[in-house]
Amino acid sequence: MRAINLYPVKIKTLAGNKWGFINNRGNFAISPNFDYAEDFQDNGLAVVSVNNSFGIINTTGNFVVLPKYNYINQFSEGRAVASYNGEYKLIDENGSILNTKKYDYVGNFKNGRAIASAFDEKGKYFYGYIDRDGKEVIPLKYESASDFVEGKAVVKIKDEDYALIGPNGEVFNSYKYYLVGSLGEGLLVFQEKMDGKFGYIDEKGRVIIKPQFNMAQPFSQERAIVNTRSDSIVSKYGLIDKAGNYKIKPEYNDIILMGENRAAVGIAIEKENPCIGSLYAIADTEGDFLTNFIYLGVSSYNNRLASAYDSKNTFFIDKRGRLVRSLPIVRGNGSLAFIGKLIRAIVDNRFTYFDMNGRIFYRQNIIIPLNYMYRVREEEYKPNKNYIIYYPQVEGMKNLVLENSVNERLKQLSQVKQVDPNAQLDYSYGRDFSIEFFKKKLLVLELDGYRYPLCAAHGMPIKIYSHIDLVTGRFYELKDLFKVSSNYVQVLSDIIGEQIKKAQHLYVFSGSYKGIKKDQPFYVDENALYIYFEPYEIAPYAAGFPTFKIPYREISNIINVRGEFWRAFN
19 MRAINLYPVK IKTLAGNKWG FINNRGNFAI SPNFDYAEDF QDNGLAVVSV
69 NNSFGIINTT GNFVVLPKYN YINQFSEGRA VASYNGEYKL IDENGSILNT
119 KKYDYVGNFK NGRAIASAFD EKGKYFYGYI DRDGKEVIPL KYESASDFVE
169 GKAVVKIKDE DYALIGPNGE VFNSYKYYLV GSLGEGLLVF QEKMDGKFGY
219 IDEKGRVIIK PQFNMAQPFS QERAIVNTRS DSIVSKYGLI DKAGNYKIKP
269 EYNDIILMGE NRAAVGIAIE KENPCIGSLY AIADTEGDFL TNFIYLGVSS
319 YNNRLASAYD SKNTFFIDKR GRLVRSLPIV RGNGSLAFIG KLIRAIVDNR
369 FTYFDMNGRI FYRQNIIIPL NYMYRVREEE YKPNKNYIIY YPQVEGMKNL
419 VLENSVNERL KQLSQVKQVD PNAQLDYSYG RDFSIEFFKK KLLVLELDGY
469 RYPLCAAHGM PIKIYSHIDL VTGRFYELKD LFKVSSNYVQ VLSDIIGEQI
519 KKAQHLYVFS GSYKGIKKDQ PFYVDENALY IYFEPYEIAP YAAGFPTFKI
569 PYREISNIIN VRGEFWRAFN
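Numbers in the numbering used here are just positions in the sequence shown, counted from 1, shifted up by 18.
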């Protein structure tokens, strides 16, 4: 295992949020030129993103795999999986593509095998396995497949026909049940029939624990988490041993196995609305409770320590569940982890590194210089554990009255408002910002966010662009870019309509586009105007904010080149 003393950090810059890597002295060893960066793995490689494409770099910052993929996962057993336009590639540590056959999915390697899947000529999806050389060692013939565990995997051949197979496809046993789950420490979850209860069988198919649970997870650490409540809203989680005996009674809202013979046991924060979340106590896997229900979140144990947080702070706890005061205690909610020679805190969506003595080693910047005169300062507002906002404040304007007015408007747009600090909100709300564009006296800020109703399938993203004149304090609107006599709404609507017709935006709902509004959301940069729509407005949620780029040369005849907006950056 190689010691990699390089640490990913994110900074706010004129070009938006950028990632780089610092060394043990806190200096940038790899400049912050990436849109995203993950930790270096033991093989000395890290996944990074540039212009929405992923690649892989080495410890000198040079690309081993050029940024051309839609996604690259972490290496496992010396191999990584990269996807491009729905096609999955297996790559080695030199960046070489190993598979020649096209797959619609490839999983991580476990025990020298990775799940691979693709549609057949009839449009049906089948699973098989490839080896580390990218060769298909088990043909794609199964309706479902699981990862290999200790040289064995569970596959579905057809309805009510499962098998336990070896690394070359040899069949160890067959099971005639409605469902058979993954192997966990010699036992498999099974369900005799649809809507039936779950139980456990051994590898030979013998029933070890009779079906009696409404949900059952694979065994780990000689324990399994089960749920006895059929209600989809209220849960009754318990912890059993391999004989089916309860070590923790089935009466809790949540249970998390933390490793090292410890479990986090949760009760509902609100009994009438349990999906809002849990308060956790630490227990051992024999069922002895070591703490009260005091934690809002926990991580797994590693070397006798785990990260936890309550409504105020994030910290380490020992195996008794007690706060470790000799290590960092960070205000906010998140996690702590030992990374190389440092301790990394990811708390309230911000990075901080500490040395082993608890001193701050590196903290994300909160000031973004624009030029010798102007800068943007990040401010934090967190009145409630479920409500956190990072909002921009402009500094350097000659007229302080205008500067205060601009900053008050930015606070309002960022939803800095009074929130009851003690209330249990039924939603979480987060806001952040980045610099989209700056030139001359025009500053374009992207104010984004996410509002998530705590029991919903997903929340709603938020995106607002502010176009600020740093001399006059004016917030420009779309109409300010065009001549008064121009019918800019119709012109822009027609251009976007043509882009949709030319199949540049296949995700747009058929017939949903009716043109733009006079105050349509937009932003500008040096070369183009960008018009965007809210989620669901003309496209499905997964499409995000459909955005249409319109170069200025296409609309030069209607731009008011003598207007304040245009002259602010031209």
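Just so you know, even glycine gets a beta-carbon here, dropped at the ideal spot from N, CA and C. Quantities reported herein were computed from a predicted structural model and do not represent experimental measurements.
**Request:** Using 10 angstroms around the beta-carbon of Asp-487, count the other beta-carbons present and answer buried if the total reaches 16, otherwise exposed.
**Result:** As a first step, residue 487 is located in the sequence shown; it is residue number 469 there, counting from the start. Under this definition Asp-487 is a buried residue.
**Prompt:** Can you list, in chain order, the residues of its chain whose CB lies under 7 Å from that of Pro-471, leaving out five sequence neighbours each side?
**Reply:** Here residue 471 refers to the residue found at position 453 when the sequence shown is read from its first residue. Same-chain partners within the cutoff: Asp-444, Tyr-445 and Gly-477.
**Request:** Less than 8 Å between the CB atoms is what I'm expecting for Tyr-123 and Ser-135, so what's the real figure, rounded?
**Result:** Numbered from its first residue, the sequence shown carries residue 123 at position 105. Numbered from its first residue, the sequence shown carries residue 135 at position 117. About 5 Å; that satisfies the 8 Å criterion.
**Prompt:** Between Ile-48 and the rest of its own chain, which residues show a CB-CB distance below 6 Å, the 5 nearest in sequence each way excluded?
**Reply:** If you number the sequence shown from 1, residue 48 lands on position 30. Contacts found: Gly-38, Phe-39 and Gly-79.
**Asked** Just to confirm, are Gln-235 and Thr-246 a CB contact at a threshold of 9 Å?
**Response** In the sequence shown, the residue the question calls residue 235 occupies position 217. In the sequence shown, the residue the question calls residue 246 occupies position 228. Cβ distance not < 9 Å, so Gln-235 and Thr-246 don't count as in contact.
**Message:** Tell me the rounded alpha-carbon separation between Arg-241 and Asp-302.
**Reply:** Counting from one through the sequence shown, the residue named residue 241 turns up at place 223. Counting from one through the sequence shown, the residue named residue 302 turns up at place 284. Answer to the nearest angstrom: the Cα atoms are 11 Å apart.
**Message:** What ranges does the beta strand (DSSP E) occupy inside the region 290-378, keeping only unbroken runs of at least 3 residues that lie completely in it?
**Reply:** 296-302, 324-327, 331-335, 352-357, 360-365 and 368-372
**Asked** Where do the ends of the beta strand (DSSP E) carrying Arg-649 lie?
**Response** Residue 649 is absent from the structure shown; the chain starts at 19 and stops at 588.
**Asked** Ala-560 by DSSP, collapsed to three states: which one?
**Response** Here residue 560 corresponds to residue number 542 of the sequence shown, with the count starting at 1. In the structure shown, Ala-560 sits in a helix (DSSP, three-state: H, G or I).
**Message:** I need the straight-line Cα distance from Glu-552 to Lys-536, nearest angstrom please.
**Reply:** Translated into the one-based positions of the sequence shown, residue 552 becomes position 534. Translated into the one-based positions of the sequence shown, residue 536 becomes position 518. Going from the Cα of Glu-552 to the Cα of Lys-536 covers about 15 Å.
**Message:** Can you tell me whether Leu-418 is buried or exposed? The criterion is at least 16 other CB atoms within 10 Å of its CB, across all chains shown.
**Reply:** The sequence position of residue 418 within the sequence shown is 400, counting from 1. That one is exposed.
**Request:** Return the chain-ordered list of same chain residues with a C-beta closer than 7 Å to the C-beta of Glu-304, the five sequence neighbours on each side being excluded.
**Result:** Here the question's residue 304 lines up with position 286 in the sequence shown. The residues are Lys-265.
**Item:** Whether Tyr-409 touches Arg-368 by CB criterion (9 Å)
**Value:** Translated into the one-based positions of the sequence shown, residue 409 becomes position 391. Translated into the one-based positions of the sequence shown, residue 368 becomes position 350. Contact flag unset, no.
**Coarse secondary structure for Glu-516, derived from DSSP in three states** = The residue you call residue 516 lines up with position 498 of the sequence shown. Correct three-state label for Glu-516: helix.
**Cβ contact (3+ pairs, closer than 8 Å) linking the region 423-435 and the region 500-518** = no
**Message:** In the DSSP output, what is Tyr-483 paired with across the bridge?
**Reply:** Within the sequence shown, residue 483 is the residue found at index 465, counting from 1. Its beta-bridge partners are Glu-464.
**Asked** So what does Asn-245 bridge to, in DSSP terms?
**Response** If you number the sequence shown from 1, residue 245 lands on position 227. Answer is Met-233 and Tyr-255.
**Asked** Among the residues of its own chain, which have a CB less than 7 Å from the CB of Glu-495, if the five just before and after it don't count?
**Response** Counting from 1 along the sequence shown, the entry for residue 495 is found at position 477. Same-chain partners within the cutoff: Asp-537.
**Asked** Assuming Val-365 and Tyr-399 make a contact with CB atoms under 8 Å, what is their CB distance in whole Å?
**Response** Counting from 1 along the sequence shown, the entry for residue 365 is found at position 347. Counting from 1 along the sequence shown, the entry for residue 399 is found at position 381. Val-365 to Tyr-399, Cβ: 15 Å. No contact.
**Message:** Please state the DSSP three-state secondary structure of Glu-221.
**Reply:** Stepping through the sequence shown from its first residue, residue 221 is reached at position 203. Coil, per DSSP.
**Message:** Give me, in chain order, the residues of the same chain whose beta-carbon lies closer than 6 Å to that of Gly-125; leave out the 5 immediate sequence neighbours on both sides.
**Reply:** Here residue 125 is taken as the residue at index 107 of the sequence shown, counted from 1. So the list reads Ala-132 and Ile-133, once near-sequence residues are dropped.
**Request:** Express the C-alpha separation of Leu-341 and Tyr-218 in angstroms, rounding to a whole number.
**Result:** Position 200 of the sequence shown, counting from 1, holds the residue named residue 218. Position 323 of the sequence shown, counting from 1, holds the residue named residue 341. Distance between the alpha carbons of Tyr-218 and Leu-341 is about 37 Å.
**Item:** Unbroken beta strand (DSSP E) run spanning Arg-280, endpoints
**Value:** By one-based count along the sequence shown, residue 280 stands at place 262. Arg-280 -> beta strand (DSSP E) spans 280-286.
**Item:** Buried versus exposed, by CB contacts within 10 Å (16 or more), Gly-214
**Value:** Position 196 of the sequence shown, counted from the start, is the residue given in the question as residue 214. Exposed: under 16 other Cβ atoms inside 10 Å.
**Item:** Reference Asp-259, options Leu-308, Glu-516, Ser-253 and Leu-275, closest by Cα
**Value:** Position 241 of the sequence shown, counted from the first residue, corresponds to residue 259. For the residues Leu-308, Glu-516, Ser-253 and Leu-275, the minimum Cα distance to Asp-259 belongs to Leu-275.
**Asked** So, is Glu-454 buried or exposed, given that buried needs 16 or more other C-beta atoms within 10 angstroms?
**Response** Position 436 of the sequence shown, counted from the start, is the residue given in the question as residue 454. Flag for Glu-454 reads buried.
**Closest Cα partner of Ile-109 within the set Thr-565, Glu-397 and Arg-150** = As a position in the sequence shown, residue 109 is number 91, starting the count at 1. For the residues Thr-565, Glu-397 and Arg-150, the minimum Cα distance to Ile-109 belongs to Arg-150.
**Prompt:** Of the residues Glu-555, Asn-404, Leu-360 and Asn-588, which one's Cα is nearest the Cα of Arg-43?
**Reply:** Position 25 of the sequence shown, counted from the first residue, corresponds to residue 43. Considering only alpha carbons, the answer is Leu-360.
**Request:** Keeping to the same chain, check which residues put their C-beta closer than 6 Å to that of Tyr-405; ignore five residues upstream and five downstream.
**Result:** As a position in the sequence shown, residue 405 is number 387, starting the count at 1. Contacts found: Val-437 and Tyr-447.
**Asked** First and last residue of the beta strand (DSSP E) that includes Leu-446?
**Response** In the sequence shown, counting from the first residue as 1, residue 446 sits at position 428. For the sequence presented, residue 446 should be read as Ser rather than Leu. Taken as a continuous stretch (DSSP letters only), the beta strand (DSSP E) holding Ser-446 covers 445-457.
**Request:** Go ahead and pull the three-state DSSP assignment for Ala-474.
**Result:** Numbered from 1 along the sequence shown, position 456 holds the residue referred to as residue 474. Residue state, collapsed to three classes: coil.
**Message:** Between which two residues does the alpha helix (DSSP H) holding Lys-501 run?
**Reply:** Start at 1 with the first residue of the sequence shown, and residue 501 comes out as number 483. Premise fails: Lys-501 is in no alpha helix (DSSP H) and is neither H nor E.
**Whole-angstrom C-beta distance between Tyr-570 and Ala-586, which should lie under 8 Å** = Locating residue 586 in the sequence shown gives position 568, where the first residue counts as 1. Locating residue 570 in the sequence shown gives position 552, where the first residue counts as 1. Going by Cβ atoms, the distance from Ala-586 to Tyr-570 rounds to 14 Å, so no, they are not a contact pair.
**Message:** Please give me, in chain order, every unbroken run of the beta strand (DSSP E) with length at least 3 that falls completely inside the region 66-114.
**Reply:** 71-75, 81-87, 98-102 and 105-109
**Asked** Thinking just about the alpha-carbon of each residue, which of Phe-493, Tyr-483 and Ile-514 is nearest to the one in Phe-540?
**Response** The residue given as residue 540 occupies position 522 in the sequence shown. It is Tyr-483 whose Cα lies nearest to the Cα of Phe-540.
**Asked** Exposed or buried, what is Pro-157 when buried is set at 16 or more other beta-carbons lying within 10 Å of its beta-carbon?
**Response** On the sequence shown, position 139 is the one that residue 157 refers to. Exposed, since its Cβ has fewer than 16 Cβ neighbours within 10 Å.
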